[in-house]
Amino acid sequence: MPCNARWMSGGRRWLPMSDKPVTLVVSDLHIGAGDKMDDFVYDKDQFVSFLASQAKTTEGRKGEIEVILNGDFLEFAQVEPEAYQLGSARFWCSEKESARKLASILRGHQEVFAAIQEFQANGNTCTCMAGNHDVDLYWPSVQAALKSAAGPMSFELGKTWFSRYGGRLRISHGHMFDSANSFDNWENPILPGPHKIMRLEMCPGTLFMVKFVNWLELDYPFADNLNPSWRLYTVLMKERQRYGLVAAAWLLMKFASRNPIAALGTGDDPLKVGDRIRDTVENSAAFRESIAGLWREVYEEPVTPEEVARRLNSANDVERFMTDMLPKVSPGRWVPVFDAAQPGTLSIAKAGLWKDPAALRKIAGEQWDDGAEIVTMGHTHEADVIEDGRFRYYNTGCWTRSVSWSKDSALTMADLRDESKFPYSLRYLRVESTAAGTLGSELVTYDSQPGV
0 MPCNARWMSG
10 GRRWLPMSDK
20 PVTLVVSDLH
30 IGAGDKMDDF
40 VYDKDQFVSF
50 LASQAKTTEG
60 RKGEIEVILN
70 GDFLEFAQVE
80 PEAYQLGSAR
90 FWCSEKESAR
100 KLASILRGHQ
110 EVFAAIQEFQ
120 ANGNTCTCMA
130 GNHDVDLYWP
140 SVQAALKSAA
150 GPMSFELGKT
160 WFSRYGGRLR
170 ISHGHMFDSA
180 NSFDNWENPI
190 LPGPHKIMRL
200 EMCPGTLFMV
210 KFVNWLELDY
220 PFADNLNPSW
230 RLYTVLMKER
240 QRYGLVAAAW
250 LLMKFASRNP
260 IAALGTGDDP
270 LKVGDRIRDT
280 VENSAAFRES
290 IAGLWREVYE
300 EPVTPEEVAR
310 RLNSANDVER
320 FMTDMLPKVS
330 PGRWVPVFDA
340 AQPGTLSIAK
350 AGLWKDPAAL
360 RKIAGEQWDD
370 GAEIVTMGHT
380 HEADVIEDGR
390 FRYYNTGCWT
400 RSVSWSKDSA
410 LTMADLRDES
420 KFPYSLRYLR
430 VESTAAGTLG
440 SELVTYDSQP
450 GV
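Here is the structure:
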């Protein structure tokens, strides 16, 4: 098998019972329901073959391997969208709704879960760590159903970092360092929701995915493969003739930055999109009436267009209204309304946005300073490697089709119509203890396909 990076130090040594001699880390499989919305790469049963091949190795036959699924293993955000019944910017699925989504995933990929069960038959183990797309793993019934299909899997939840080998290997999905996809209550994101029903916390990225990107994907199948999801804004903002899409990009960027310093705007003013929408409400009676119609639908109150204009007194007011609108009104309704906003020349303010892979590299360095030898994360969907003597950082990328961060600026909405032209490279990280007392590591590409 070809490898992208390698660092080895000799033979293995005996380990504490809590650790397997070999740890394999895989991230961002995004396994869906096996339908056209499913981004998981399984055209050649790659993940099934990967598990089977590992079970046949010397270590696998002895039950000496732990496979860690480091977040976004399952794609709850896109599966069975009708199962989620609450229009809320704060709350995601109930336990019953998450269980319904999982049932579709289990039906859609029975061979994957059977392979996980078979892999564990010799004493090998499989551990799930949740990411922003599968926070649903916190529900007890979801864990029980997954174990029923895939065998005695373990779940490590409630922390940003997990460790192996006495803390020398540190593992995190990475979403908690991305403000658009982080959770306020990651230790326990199950909260009392409306009607005395317990629900999961909704993070902004999931809200945007569920209520906008899923709709967009009907015409642009690759739209949801730009991960983290805010990367989509660099494509949306180019749609000068569709101001509704520009408005969506602005809202997504606001979720990503969570502060007014970094925004989509004109010149040095980071709030121009919100201001432009506000000015159009003020100056166009037809637009004002359309926005009032959306307002009545969102808040269920009989307001006049003039009253709505008074309430939308600033760009921040526009942002709050759009955030409240997102879970309650279909983009098919509101995007054409915002298309009528006055167009203008757009640019991207440079300050304040989450700095993609560079941010995770910096965070990895902080873990090195705290005693780690190897740090691994996912989330960005792009593989990354730093090796500095005994200190190493690996991002394992994803098991979906993806596009590198450097190519985002060249993409257009038209490019997103044909996902088959985008490449995939399915990687995993292998870590093993060595006789020298250090950890050997190897980032391996299991299968790849170039873009067309």
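Residue numbers (numbering that gives the first Met the number 0): 0 to 451.
Note that beta-carbon positions come from the ideal geometry of N, C-alpha and C, so glycine has one too.
Check	Outcome
Cβ contact (3+ pairs, closer than 8 Å) linking the segment 222-238 and the segment 429-443	no
Whole-angstrom distance between Trp138 and Ser403, CA atom to CA atom	34 Å
Cβ-based neighbour list, Val212, same chain, cut-off 8 Å, excluding 5 preceding and 5 following	Ala222, Asp223, Ser228, Leu231
Assigned secondary structure, Gly439 (DSSP; H/G/I helix, E/B strand, else coil)	strand
Assumed close pair Ser103, Ala149 - CB separation to whole angstroms, cut-off 8 Å	Not a contact, Cβ separation roughly 15 Å.
Same chain only: Cβ atoms within 6 Å of Asp18, ignoring 5 sequence neighbours per side	Arg163, Tyr164
Pro449 burial status per 10 Å Cβ neighbour count (16 or more: buried)	exposed
Length at least 3, wholly inside the segment 399-433: the beta strand (DSSP E) runs in chain order	423-432
Delimiting residues of the alpha helix (DSSP H) encompassing Val374	Val374 -> not in any alpha helix (DSSP H); beta strand (DSSP E) instead, spanning 373-376.
Simplified DSSP assignment, three categories, for Val47	helix
DSSP beta-bridge partners of Gln448	Tyr423
N-terminal and C-terminal residue of the beta strand (DSSP E) that Phe90 is part of	90-93
Which listed residue (Ile373, Asp368, Ala382) has its alpha carbon closest to that of Pro356	Ala382
Beta-carbon proximity of Glu74 to His29, cut-off 7 Å	yes
Delimiting residues of the alpha helix (DSSP H) encompassing Asp37	Where Asp37 is concerned, there is no enclosing alpha helix (DSSP H), given that its DSSP letter is neither H nor E.
For Lys271 and Glu386, the rounded distance between their alpha carbons	43 Å
Arg416 classed as buried or exposed, judged by whether at least 16 other C-beta atoms fall within 10 angstroms	exposed
Leu231 in three-state terms, based on DSSP	helix
For Phe221, three-class secondary structure by DSSP	coil
Backbone secondary structure at Arg169 - three-state DSSP	strand
Uninterrupted alpha helix (DSSP H) stretches inside the segment 82-125 (no shorter than 4 residues)	94-107, 109-118
Inter-residue spacing [alpha-carbon to alpha-carbon] between Ala261 and Val245	Note that Ala261 scores 30 on pLDDT, short of 50, meaning its location in the model is unreliable; the coordinates nonetheless yield the value given after this. The straight-line gap from Cα to Cα measures roughly 15 Å.
Rounded separation between Thr124 and Leu359 - CA only	27 Å
Which of helix, strand or coil DSSP assigns to Pro80	helix
Leu101 and Val134 closer than 7 Å at C-beta	no
Straight-line gap, Val384 to Leu428 (C-alpha atoms, nearest Å)	11 Å
Cβ separation of Arg89 and Met201, assumed to be a contact under 8 Å, to the nearest whole Å	6 Å
Spatial neighbours of Ser447 in its chain, beta-carbon cut-off 6 Å, leaving aside the 5 residues before and after	Ser424
Exposed unless 16 or more other CB atoms sit within 10 angstroms - verdict on Lys210	buried
Integer Cβ distance of Asn121 from Ala54, believed to fall under 8 Å	7 Å
Beta-carbon gap between Gly273 and Val317 smaller than 7 Å	yes
Assigned secondary structure, Glu386 (DSSP; H/G/I helix, E/B strand, else coil)	strand
Residues of its chain near Met321, where Cβ-Cβ distance is below 6 Å and the 5 sequence neighbours each way are ignored	Leu250
Pair within 7 Å by beta-carbon distance, Ile67 and Thr159	no
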